[in-house]
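Participant: Residue numbers in the sequence shown follow the numbering used here, run continuously in steps of one, and reach 412 at the last position.
Yeah, the Cβ is synthetic: ideal placement off N, Cα and C, and Gly gets one too.
Can you keep this structure in mind? I'll have questions shortly.
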Amino acid sequence: MLLILLVAGALGGFVAGLVGVGGGVIFGPVLFFAFQAAGIEDPILTPLTLGSSLLCTFAASASGTVAQRKAGAIDQRTALVAGGVAAVAVVLVGRFVTTQPWFDKEMFQLILGVLLVVVVVRMVVKKDRVDTLSTEGAERSLGRLAVTGLGAGTIASLAGVGGGVVMVPAFSGLVRLPTKVAAGSSTAAITIITAVGVATYAELGWGEPVPNGALGYVDWRSAALLAVPAIVTARLGVATAHRIDVRAVQLSFAAFAALVAARLLWNALA
């Protein structure tokens, strides 16, 4: 199990830096199955998975943000406004939805499985195109950024991810940022979102019968095994994204994500 967590952390960090999705699409399923294997069940399993996954995603995105800033690939207004709105959504959804008894492991697996299907479809059908957009022509209206942030924050809290699956296409298509700046700005916004998310789940789980090593609904020990390698490989992912055609890597990840999605959806619906 130790080796699985370390490898998954390295893969999640690399994907986070490469395509700007935060890495939570890997961290969440891995933690969920690891906690289940350890005998943890609801009502602790689902919120513990969400909070711990957000911590891993925070580590990967924070490391990626440093690298993206050095590469000049972050639009500050976009990241701050969308990230701020998303952070509010994370708090509200975490408090009133995901920590409620009716939000069980079947619901979590269904939502995360559907999210992974969306990620797979987007990666497979995405067509290579010449990026003619520039930051000077971006449309950073408060409404566009707020809507994007609201969607990202809701997804982040429901699925334990950073929300990049919403922000990257929205920043590129709705806000009209260049692709690499959209990914970099998403990574920076995810750092804000997940920092608030971790604090929220830690507070909501305070006093609950969580495993040893957990602070509220955040299992620091398990998360660290994923987060430490993710911090290292996130920067490698950013460097790779700025140097090579990432299409082959995206398709490989899509195949992996499709298998995980199938397992989650089968568990939720069977």
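Using only CA atoms, which one of I253, Q218, V161 and V239 lies nearest to T342?
Facilitator: V239
Participant: Just to confirm my understanding: we take V259, look at its own chain, exclude 5 residues before and 5 after, and list those with CB closer than 6 angstroms. What are they?
Facilitator: A403
Participant: For V360, list the residues DSSP reports as bridge partners.
Facilitator: L357
Participant: Which runs of the alpha helix (DSSP H) at least 4 residues long sit entirely within the segment 233-317? Give them in chain order.
Facilitator: Taken in chain order, the complete alpha helix (DSSP H) segments of 4 residues or longer contained in the segment 233-317 are 247-267, 284-301 and 306-315.
Participant: Any idea what DSSP makes of W408, helix, strand or coil?
Facilitator: helix
Participant: Looking only at C-alpha atoms, which of A396, L287 and A410 sits nearest to V267?
Facilitator: Nearest option by C-alpha distance: A396.
Participant: Contact between the segment 329-342 and the segment 221-231 is defined here as three or more beta-carbon pairs at a separation below 8 angstroms; is this criterion met?
Facilitator: yes
Participant: For the segment 318-325 and the segment 209-216, state whether three or more C-beta atom pairs, one from each stretch, are separated by less than 8 angstroms.
Facilitator: yes
Participant: Under a Cβ-count criterion, where at least 16 other Cβ atoms within 10 Å of its own Cβ denotes burial, should R286 be classed as buried or exposed?
Facilitator: buried
Participant: Roughly how many whole angstroms lie between the Cα atoms of V307 and A231?
Facilitator: 16 angstroms
Participant: Per DSSP, what kind of secondary structure is A213 in: helix, strand or coil?
Facilitator: coil
Participant: Using only alpha-carbon positions, find the residue among V161, G151, G155 and L153 that is nearest to S327.
Facilitator: V161
Participant: Mark L284 as exposed unless 16 or more other C-beta atoms lie within 10 angstroms of its C-beta, in which case mark it buried.
Facilitator: exposed
Participant: Between T296 and A325, what straight-line distance do the alpha-carbon atoms span, to the nearest angstrom?
Facilitator: 19 angstroms
Participant: Below 6 angstroms CB to CB, which residues in the same chain sit around V413 once its five sequence neighbours on both sides are set aside?
Facilitator: This structure gives no information on residue 413, because the portion of the chain shown stretches from 143 to 412.
Participant: May I ask you to report which of helix, strand or coil DSSP gives G154?
Facilitator: helix
Participant: What is the residue span of the alpha helix (DSSP H) that E183 lies within?
Facilitator: Segment: none, E183 is in no alpha helix (DSSP H) and carries neither H nor E.
Participant: Evaluate contact between the segment 353-373 and the segment 166-185, counting only Cβ atoms and requiring at least three cross-stretch pairs below 8 angstroms.
Facilitator: yes
Participant: Flag this pair as touching only if the segment 235-253 and the segment 182-194 have three or more C-beta atom pairs under 8 angstroms; answer yes or no.
Facilitator: yes
Participant: Report buried or exposed for Q251, applying the criterion of at least 16 other Cβ atoms within 10 angstroms of its Cβ.
Facilitator: buried
Participant: Note the first and the last residue of the continuous alpha helix (DSSP H) segment covering I334.
Facilitator: T321 to L346
Participant: Put I168 into one of helix, strand or coil per three-state DSSP.
Facilitator: helix
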